[in-house]
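Chemist: Protein chains in written order, with the working numbering: chain A, 1 to 270; chain B, 1001 to 1350.
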Ligand SMILES: Nc1ncnc2c1ncn2[C@@H]1O[C@H](COP(=O)(O)OP(=O)(O)OP(=O)(O)O)[C@@H](O)[C@H]1O
Ligand SMILES: [Mg+2]
């Protein structure tokens, strides 16, 4: 028993940090949400259609962001894992570059690009592709574009890792047994990289659920995600208990998604 | 029991003038081979001699820099692996880890769009053949090494390939299992009449399995011959040394039937060399007994090996010999004086 716990000592500073800056605030927040010993704020959050709509929006956006990231990220991750080392390095710089710049900067950059008089609209107008500016900002598609950009690396990296782990001998074996390229992909690569697809999707989905800056700026108040609404409750309505209740619900949703994912992976491993 | 379906198609293989370089390394340096339909040829050679490279070129995973590969006379050098109809067993099995035994074996048939019912029939027949009936639903990781090897073998033969290639398939198995599998492969190969190339660096394995052996070194074929031929009449020093234990010397023909070794020792040996010709001389340790060529010397080292004694003898004329004698009586102690002898017909001159 003592030896089992001995290994935990070096982790104590980190554990303390987690306790003070993570666990304690969460508990405080939960305390706020049931102030006065009532569950009224939860009834409001989960009962009124306005708020249910926001929950729904949040899931819908998270779903689409995850799907688009997957469709873009799989070919990209696959390419990075199978190209020559030189190209892989170049590719990685491009994939990782967004991670090294602040989300705020990137989101403002998108505003410049996507706006009514933004770069994209002006280029398309000048090229004669469109006669009126296409609304790309302050709506669903603007939020999607911005979030996909921010979250794509989280999809690419696990998929890259999964493709790299596929034994090249299996690919040769499949080829020698008569498989065409498309069949090698469907019968060998795809099933063997499912864990990577799954891990990437869970990360992107979970991060999307709590996303704030990008939807706040690119949604222009018209696309309301949960985190945006929580912020409104705190700064505009000053309704902290309700904000706390919404946060608690978001936390539960996130944990539920995560737990479901864990169970799924474990049953797939067995 | 399943037998080979009729109308198929074991083929003969002919490779000629194969060259393959990797940067500075010459992996294949002019390899030519002929393998008859239904023959089992082993390729025996030390690590790095180019065995795997040769197999990859035959299977189509590597393009040769020069030379060609022909099956039944048709040039397939440019054909992609998927269209060669060659069954291959990889060194580390390369079973699909996410597929059951059944699905692994069914894979090549599915790639050929064989109808479901036919697939079911052929898969279960083939699994019977490798004695894995009842294991259909297992995953590869739930099998022992030997069982995985059988699955790999089943997967390589289920589609009646024109050629079967095995790259050191038993390297990871223990000795006992290895011997079982060797006999198994031999039995299957004979029964199905498969033209087979078997790679190994284990000479005993090569002797047990093959119709003929091709000994390879440094990207070149040193000799292709039957097992007895390789052992009794090796073509050069490398083959003589690599296959079996050997005493190898060099000398010059001084008169018909006599070779004078470098130290001056004259040996009576059967050979067709001309006077003045330089020749190699091979004496196998187990061939010493009575004979015309007598060596007197002192035992330097003696090892008991169950059936035989293995002696290292320093001869008075300066030669050093490895000799095997039946294990009878006490093991000679180092320093013991002995006489050993060998008949001229037991000396191979090359
Ligand atoms: N892809 C490659 N790139 C560079 N060099 C290679 C490559 N494949 C093989 N070689 C080199 O070619 C030579 C022959 O290799 P090969 O794999 O054919 O040997 P082998 O006889 O199969 O040896 P082993 O018994 O160790 O498997 C070696 O010197 C090896 O280093
Ligand atoms: Mg090899």
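The C-beta atom is built at its ideal place from N, Cα and C for all residues, glycine as well.
None of the values given here were measured: they were computed from a predicted structure.
Give the DSSP bridge partners of residue 1157 of chain B, in chain order.
Modeler: Residue 1157 of chain B pairs with nothing; no bridge assigned.
Chemist: Among B:1251, B:1202 and B:1040, which one has its Cα closest to the Cα of residue 1242 of chain B?
Modeler: Minimum Cα distance to residue 1242 of chain B is reached at B:1202.
Chemist: Below 7 Å on C-beta distance, what does residue 1098 of chain B contact in chain A?
Modeler: Those are 191 and 192, listed as they occur along chain A.
Chemist: Report the residue from A:67, A:178 and A:220 whose alpha carbon sits nearest the alpha carbon of residue 208 of chain A.
Modeler: Of the listed residues, the one whose Cα sits closest to residue 208 of chain A is A:67.
Chemist: Would you check if there are 3 or more beta carbon pairs closer than 8 Å linking the region 1066 to 1083 of chain B to the region 1170 to 1190 of chain B?
Modeler: The region 1066 to 1083 of chain B is not in contact with the region 1170 to 1190 of chain B.
Chemist: Among all residues, which have a Cβ less than 7 Å from at least one non-hydrogen atom of ligand 2, and in what chain order do they fall?
Modeler: The set, ordered by position in the chain, is B:1051, B:1052, B:1091, B:1167, B:1168 and B:1199.
Chemist: Report the rounded CA-to-CA distance for residue 1187 of chain B versus residue 1193 of chain B, giving the unit in angstroms.
Modeler: Cα to Cα, the separation comes out at about 10 Å.
Chemist: Could you compute how far the alpha carbon of residue 1270 of chain B sits from the alpha carbon of residue 1276 of chain B?
Modeler: Distance between the alpha carbons of residue 1270 of chain B and residue 1276 of chain B: 16 Å.
Chemist: Report, in whole angstroms, the separation of the C-beta atoms of residue 197 of chain A and residue 74 of chain A, which I expect to be a contact under 8 Å.
Modeler: With 8 Å as the limit, residue 197 of chain A and residue 74 of chain A qualify as a contact, their Cβ atoms being about 7 Å apart.
Chemist: Taking three-plus beta-carbon pairs below 8 Å as touching, is the region 1021 to 1031 of chain B in contact with the region 1053 to 1072 of chain B?
Modeler: Touching, yes, given that three or more Cβ pairs across the two stretches are closer than 8 Å.
Chemist: According to the neighbour-count rule (16 or more other Cβ atoms, all chains shown, within 10 Å of its Cβ), is residue 227 of chain A buried or exposed?
Modeler: Buried, since its Cβ has 16 or more Cβ neighbours within 10 Å.
Chemist: Determine the direct distance from the alpha carbon of residue 1016 of chain B to that of residue 159 of chain A, and round the result to whole angstroms.
Modeler: Spanning the two alpha carbons is a distance of roughly 43 Å.
Chemist: Any C-beta of chain A sitting closer than 7 Å to the C-beta of residue 1090 of chain B?
Modeler: Yes - at least one Cβ of chain A is within 7 Å of the one on residue 1090 of chain B.
Chemist: If you draw a straight line from the C-alpha of residue 1141 of chain B to the C-alpha of residue 1173 of chain B, how long is it?
Modeler: Using only the alpha carbons, I get a separation of about 16 Å.
Chemist: Which partner residues of residue 1302 of chain B appear in the DSSP bridge assignment?
Modeler: Per DSSP, B:1311.
Chemist: Decide if the region 1277 to 1285 of chain B is in contact with the region 1254 to 1267 of chain B; the criterion is three or more beta carbon pairs, one per stretch, under 8 Å apart.
Modeler: Result yes; three or more Cβ-Cβ pairs closer than 8 Å.
Chemist: Could you tell me whether the Cβ of residue 1064 of chain B comes closer than 7 Å to any Cβ of chain A?
Modeler: Taking Cβ atoms only, chain A never reaches closer than 7 Å to residue 1064 of chain B, which makes this a no.
Chemist: Taking residue 1318 of chain B as the reference, which of B:1165, B:1139 and B:1263 has the closest Cα?
Modeler: Ranking B:1165, B:1139 and B:1263 by Cα distance to residue 1318 of chain B puts B:1263 first.
Chemist: In its own chain, which residues sit with a C-beta less than 7 Å from the C-beta of residue 1337 of chain B, not counting the 5 before and 5 after it?
Modeler: Closer than 7 Å at the Cβ level, and outside the excluded window around residue 1337 of chain B, lie 1298.
Chemist: If you reduce the DSSP assignment to three classes, tell me which class residue 1201 of chain B lands in.
Modeler: Residue state, collapsed to three classes: coil.
Chemist: Tell me the residue span of the alpha helix (DSSP H) that contains residue 108 of chain A.
Modeler: Unbroken alpha helix (DSSP H) run through residue 108 of chain A: 103 to 114.
Chemist: Any idea what DSSP makes of residue 1268 of chain B, helix, strand or coil?
Modeler: Residue state, collapsed to three classes: strand.
Chemist: Grab me the residues of residue 1002 of chain B's own chain with a C-beta within less than 8 Å of its C-beta, minus the 5 sequence neighbours each way, in chain order.
Modeler: Below a pLDDT of 50, predicted positions are generally treated as unreliable, and residue 1002 of chain B, at 42, falls in that range; the measurement from the model is reported next regardless. Same-chain partners within the cutoff: 1125, 1126, 1128 and 1129.
Chemist: Can you find a C-beta in chain B that's less than 7 Å from the C-beta of residue 264 of chain A?
Modeler: Cβ-Cβ to chain B under 7 Å: no for residue 264 of chain A.
Chemist: Helix or strand or just coil, what does DSSP make of residue 1007 of chain B?
Modeler: Reliability fails at residue 1007 of chain B, whose pLDDT of 43 lies under 50, so the model's placement of it is uncertain and the value that follows must be treated cautiously. Three-state DSSP puts residue 1007 of chain B in coil, outside helix and strand.
Chemist: Check each candidate in B:1344, B:1228 and B:1320 and name the one with the smallest Cα separation from residue 1256 of chain B.
Modeler: Considering only alpha carbons, the answer is B:1344.
Chemist: Hey, would you say the C-beta of residue 201 of chain A is under 6 Å away from at least one heavy atom of ligand 1?
Modeler: False, no ligand heavy atom lies under 6 Å from that Cβ.
Chemist: If you pair each beta-carbon of the region 1161 to 1170 of chain B with each one of the region 1095 to 1107 of chain B, do three or more pairs fall below 8 Å?
Modeler: No contact exists between the region 1161 to 1170 of chain B and the region 1095 to 1107 of chain B.
Chemist: For residue 1290 of chain B, which option in B:1340, B:1137, B:1216 and B:1321 has the closest C-alpha, if you only look at C-alpha atoms?
Modeler: It is B:1340.
Chemist: Quick one: which unbroken alpha helix (DSSP H) runs of 4-plus residues sit fully inside the region 173 to 224 of chain A? Chain order, please.
Modeler: Runs found: 181 to 184, 190 to 209 and 213 to 218.
Chemist: Does the beta carbon of residue 1107 of chain B sit closer than 7 Å to a beta carbon anywhere in chain A?
Modeler: So yes, residue 1107 of chain B belongs to the interface.
Chemist: Could you give the DSSP three-state label for residue 1093 of chain B: helix, strand or coil?
Modeler: It is a strand residue.
Chemist: Taking 6 Å as the cut-off, is the beta-carbon of residue 1355 of chain B closer than that to any non-hydrogen atom of ligand 1?
Modeler: The structure shown has nothing for residue 1355 of chain B, since chain B only spans 1001 to 1350.
Chemist: Does the region 14 to 33 of chain A come within contact of the region 247 to 255 of chain A, defined as at least 3 CB pairs closer than 8 Å?
Modeler: The answer is yes - the region 247 to 255 of chain A touches the region 14 to 33 of chain A, with three or more Cβ pairs under 8 Å.
Chemist: Closer than 9 Å, Cβ to any Cβ of chain A: which residues of the region 1137 to 1156 of chain B, in chain order?
Modeler: Taking 9 Å as the Cβ-Cβ cut-off against chain A, the residues of the region 1137 to 1156 of chain B that qualify are 1152, 1155 and 1156.
Chemist: Would you say the beta carbon of residue 1022 of chain B is closer than 6 Å to some non-hydrogen atom of ligand 1?
Modeler: It does: the Cβ of residue 1022 of chain B is within 6 Å (strictly closer) of some heavy atom of ligand 1.
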